[in-house]
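Structure record follows, encoded as structure tokens.
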Amino acid sequence: PLEVIQLLQPMVESDTVNMELFQLLLIAYSNLDNNQGEIELGNKLIFHYPNKSIGYEALSIALIKEDRIEEAMGILVQGIEKFPHIITFPYSLATIHNEMGKHTLAEMYYLITLKLQPDFTSAKHSLAVLYEEMKKTSACDSLFLVMIHGKEGNAVSKNDYAYIISERKNVDQAQLHFALELAETALTTDPENAAYLDTIGWIYYQLEKYPKAEEYLKKSLSINNENPVILEHMGDIYVKLQQPLKAVPLY
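When you read off a place in the sequence shown, starting at 1, and then add 87, the result is the number in the numbering used here.
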């Protein structure tokens, strides 16, 4: 990549501007994690090709990597205005607002994204999780059920929905057993997944089947013994099993 930059940079800085050269140079900068180079090139792309989305996309990505979030958001908003049919811009804004805890704005941009591409699984999944955080339980359930019973019904969706159900207050036995079925189905696709094992263990905890919960949490910790959530779950189980000396070091 460095040799490519040394070769192409003089050409890009000359009077002859070629989109293919810009794209090759952009790839080279990205491979070298040269964010500043990407920023400069993104600005040049916007200047020379204002009616192409690539400059706005490249610049916003580089600014995000540099943690210049406000600037990136400004570019993304410009991108939506100029290129309303490209999902990169609303989806990136949804992700940023979600991470910032601005749930209403995140929801708005996820919905814009899904209007453009209804089968965009990542956006649908993120929106479902967001609905749970917003206490929009019915919306969360509806979206996850659509994914689970459709082509988006992957293991991640099943596990995450199962865990969400297990964390709800006043959840009944039938819902927990439904969550257990989802989690067990997810586990069949990846039997050594620590998160999936933790979900099953935590559902058994909520079902007050503590020895069974311990069994799954032990296996989860044998794969990942550094995850604080898994460690806390194991501690909670030991408390219920009246083994406080085992529980204390896990908190």
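Don't be surprised by glycine CBs; every beta carbon is placed ideally from N, CA and C.
In this text, all values refer to a predicted model and were calculated from it rather than measured experimentally.
{"Item": "If you drop the 5 nearest sequence neighbours on each side, which residues of the same chain put their C-beta closer than 6 Å to that of Asp-323?", "Value": "none"}
{"Item": "Could you spell out where the alpha helix (DSSP H) holding Asn-121 opens and where it closes?", "Value": "Per DSSP, Asn-121 belongs to no alpha helix (DSSP H) and is neither H nor E."}
{"Item": "Does the beta-carbon of His-320 have 16 or more other beta-carbons within 10 angstroms, so that it is buried, or is it exposed?", "Value": "buried"}
{"Item": "On the premise that Met-221 lies in contact with His-190, defined as a C-beta separation below 8 Å, what is that separation, rounded to the nearest angstrom?", "Value": "5 Å"}
{"Item": "Pick out whichever of Val-335, Ala-181, Asn-257, Met-187 has its Cα sitting closest to the Cα of Ala-210.", "Value": "Ala-181"}
{"Item": "Since I believe Glu-125 is in contact with Leu-113 (beta carbons under 8 Å), could you give me their beta-carbon distance rounded to a whole number of angstroms?", "Value": "7 Å"}
{"Item": "Leu-201 to Pro-171, Cα distance in whole Å?", "Value": "13 Å"}
{"Item": "Enumerate in chain order the residues of its own chain whose CB-to-CB distance from Pro-298 is below 8 Å, with the five nearest sequence positions on each side excluded.", "Value": "Leu-328"}
{"Item": "Tell me whether Tyr-136 sits in a helix, a strand or coil according to DSSP, three-state version.", "Value": "coil"}
{"Item": "Ends of the alpha helix (DSSP H) at His-236?", "Value": "224-236"}
{"Item": "So which of Tyr-283, Gly-237, Leu-230 has the shortest CA-CA distance to Ser-253?", "Value": "Tyr-283"}
{"Item": "Report the CB separation of Leu-269 from Ala-249 in whole angstroms; it is logged as a contact under 8 Å.", "Value": "4 Å"}
{"Item": "Going by C-alpha to C-alpha distance, which of Glu-301, Ile-310, Met-160 sits closest to Asp-277?", "Value": "Ile-310"}
{"Item": "Secondary structure at His-172, three-state DSSP: helix, strand or coil?", "Value": "coil"}
{"Item": "Roughly how many angstroms separate the alpha carbons of Lys-333 and Tyr-325, rounded to a whole number?", "Value": "6 Å"}
{"Item": "Would you decide whether Lys-238 is buried or exposed? Buried here means 16 or more other CB atoms lie within 10 Å of its CB.", "Value": "exposed"}
{"Item": "Residues in the same chain with beta-carbon distance under 7 Å from Met-106, minus the five sequence neighbours each way, listed in chain order, please.", "Value": "Tyr-136"}
{"Item": "Does DSSP put Asp-247 in a helix, a strand or coil?", "Value": "helix"}
{"Item": "Using CA atoms only, rank isn't needed, just tell me which of Pro-336, Glu-302, Gln-330, Pro-331 is closest to Leu-318.", "Value": "Pro-336"}
{"Item": "With burial defined as no fewer than 16 other Cβ atoms inside 10 Å of the residue's Cβ, what is the status of Val-243: buried or exposed?", "Value": "buried"}
{"Item": "So is Pro-177 buried or exposed if we call it buried at 16+ other beta carbons inside 10 Å?", "Value": "buried"}
{"Item": "Compare the C-beta of Met-195 against all C-beta atoms of chain C and say whether one is closer than 7 Å.", "Value": "The chain labelled as chain C is not found in the depicted structure, where only one protein chain is given."}
{"Item": "Between which two residues does the alpha helix (DSSP H) containing His-321 stretch?", "Value": "Here residue 321 is Met; the residue named in the question, His, does not match the sequence. It spans 315-327 - the alpha helix (DSSP H) in which Met-321 sits, taken as one unbroken run."}
{"Item": "Alpha carbons only, please: which of Glu-153, Glu-295, Met-160 is nearest the one belonging to Tyr-143?", "Value": "Met-160"}
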